[in-house]
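Report on the structure given below.
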Amino acid sequence: ILAVPGIRSGSLVGAHQLGSLLTDLGVEHAVYYGDPGDIRTYTPLVAYARAAAAKRRLELGRLGHVGHRTPGMTPIAFDEVEINRLLGTQVVNRGWHEIEARASAISEAVAADTVQQLDALGRMGSKSEDVSDAARLYLALRQQAEADDLLAVALGCYPHHAGRVCLSSALLTESGIPAGCEGDVNSTLAMYLLQSFTGRPAHFGEILEVDEGENTIITSHCGCAAPSLAADDELIEIAPVRLWNRGTCLRFPSTTGPATYVNLVGRRGTYRLCAAEGEVLPTEMVFEGNPARFRPSLPVQALLATIGAEGFGHHWMLGYGHVVPELKAFCKLVGIRGVFP
Numbered sequence: 190i191l192a193v194p195g196i197r198s199g200s201l202v203g204a205h206q207l208g209s210l211l212t213d214l215g216v217e218h219a220v221y222y223g224d225p226g227d228i229r230t231y232t233p234l235v236a237y238a239r240a241a242a243a244k245r246r247l248e249l250g251r252l253g254h255v256g257h258r259t260p261g262m263t264p265i266a267f268d269e270v271e272i273n274r275l276l277g278t279q280v281v282n283r284g285w286h287e288i289e290a291r292a293s294a295i296s297e298a299v300a301a302d303t304v305q306q307l308d309a310l311g312r313m314g315s316k317s318e319d320v321s322d323a324a325r326l327y328l329a330l331r332q333q334a335e336a337d338d339l340l341a342v343a344l345g346c347y348p349h350h351a352g353r354v355c356l357s358s359a360l361l362t363e364s365g366i367p368a369g370c371e372g373d374v375n376s377t378l379a380m381y382l383l384q385s386f387t388g389r390p391a392h393f394g395e396i397l398e399v400d401e402g403e404n405t406i407i408t409s410h411c412g413c414a415a416p417s418l419a420a421d422d423e424l425i426e427i428a429p430v431r432l433w434n435r436g437t438c439l440r441f442p443s444t445t446g447p448a449t450y451v452n453l454v455g456r457r458g459t460y461r462l463c464a465a466e467g468e469v470l471p472t473e474m475v476f477e478g479n480p481a482r483f484r485p486s487l488p489v490q491a492l493l494a495t496i497g498a499e500g501f502g503h504h505w506m507l508g509y510g511h512v513v514p515e516l517k518a519f520c521k522l523v524g525i526r527g528v529f530p
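So the number in this note's numbering is just where the residue sits in the sequence shown, counting from 1, plus 189.
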């Protein structure tokens, strides 16, 4: 609802009447005021429209889940029924045996062509057999995602597929199908929101280190970020995943720019989202993955205090762009508690 200036227009009066009625009827809405001739009037309206569009896509869409969550990571367990009730989204569950069967059926020629494309991505440090395995799994996951018409997919990779599908996460996310790690469905939803609002791939990570003096956070995962997020294409390396020394992941320092850091956790009655805007600064390869050096707009200690006090989780998604207004609107539209320190 947009109210416009004019002492005799009655615009504000009408907007407030309608807003009051919609509130009593339980109809979600938003009321704005501004000059229609001023482009600044439309900034909050566009954010609200983006949030409403994301909500609608989720209502009509499907989210994939392959395998199972990482053993021991109970906080990332997801509530499939609540996701459907809250968002309208259907969760499609698949087993790794289905993906492996698809991978085995891919022809040598198709797999070899994909391997050749991977060779061109960056410096090769993985074994040829691992690259071929990663290529087949990527193609199989892409086929399954297309067959299931998925908006996004959470890959239960750890520990049995550790290193084998990091490349799949990176390339699926690059192609517009956000692919989260360790079977974390809620974080995959957060990736989808960020990708919807920024138009760019989202970065899956964890808070690995803080520098209070510089007010920065190092965030990264094992090498599953989309290649377009590299600070420099020349720095991309295809390498075995850390700890396991097997498979193929992408290693590079992440690019810079305005960003929003997001965590989404919970289940029925406890869903909550935390988001903080800030800036990604240049960094070296301080971690064997895709390190990003994020400086939040608030003191890092205040962010950590919020995480502790509100019970937010350990997987944090980084979206390139400031999209807190969109996230606030989305939380209001679907009934998720938003925390924006």
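Beta carbons: idealized from backbone N, C-alpha and C, even for Gly.
Fair warning: this is a prediction, and the values are worked out from it, not measured in the lab.
Taking 9 Å as the cut-off, the beta carbon of L383 is found closer than this to the beta carbon of V512.
L234 is the residue among D213, R484, P416 and L234 whose C-alpha sits nearest the C-alpha of G223. By the Cβ criterion, the stretch 309-321 is not in contact with the stretch 259-275, since fewer than three pairs of Cβ atoms, one from each stretch, lie closer than 8 Å. Beta-carbon to beta-carbon, T408 and L397 are separated by about 7 Å, close enough to satisfy the 8 Å threshold. DSSP, reduced to helix, strand and coil, places W505 within a strand of the structure shown. A distance below 6 Å between beta-carbons, with the five flanking residues on each side excluded, links L487 to the following residues of its chain, in chain order: P530.
Judged by DSSP secondary structure, G446 falls within the beta strand (DSSP E) whose first and last residues are G446 to V454. The residue among L360, G345 and K521 with its C-alpha nearest the C-alpha of A266 is G345. Inclusion of E371 and Q333 in the CB contact set at 9 Å is not warranted, their separation being larger than that value. Non-local C-beta neighbours of W285 in its own chain, meaning closer than 8 Å and more than five positions away in sequence, comprise V255, G256, G345, H349 and H350, ordered along the chain.
With 16 or more other CB atoms across the displayed protein chains lying within 10 angstroms of its CB, R283 is buried.
Taking C-beta atoms as the reference points, P367 and A329 fail to come closer than 9 Å. Counting every other CB atom within 10 Å of its CB across the protein chains shown gives E515 a total of 16 or more, marking it as buried. DSSP assignment within the stretch 299-372 yields the following whole beta strand (DSSP E) runs of 3 residues or more, N-terminal first: 339-344. L276 and V523 have their C-alpha atoms spaced approximately 7 Å apart. Closest option to G253, judged by alpha-carbon separation, among E297, L462, L339 and H205: L339. Non-local C-beta neighbours of A204 in its own chain, meaning closer than 6 Å and more than five positions away in sequence, comprise I190, A192 and V220, ordered along the chain. Here DSSP, grouped into helix, strand and coil, assigns S296 to coil. Membership of P233 in the alpha helix (DSSP H) is indicated by the continuous run T232 to L249.
Apart from sequence neighbours up to five positions away, the residues of its chain that approach W433 with a beta-carbon distance below 7 Å are A351 and G352, ordered along the chain.
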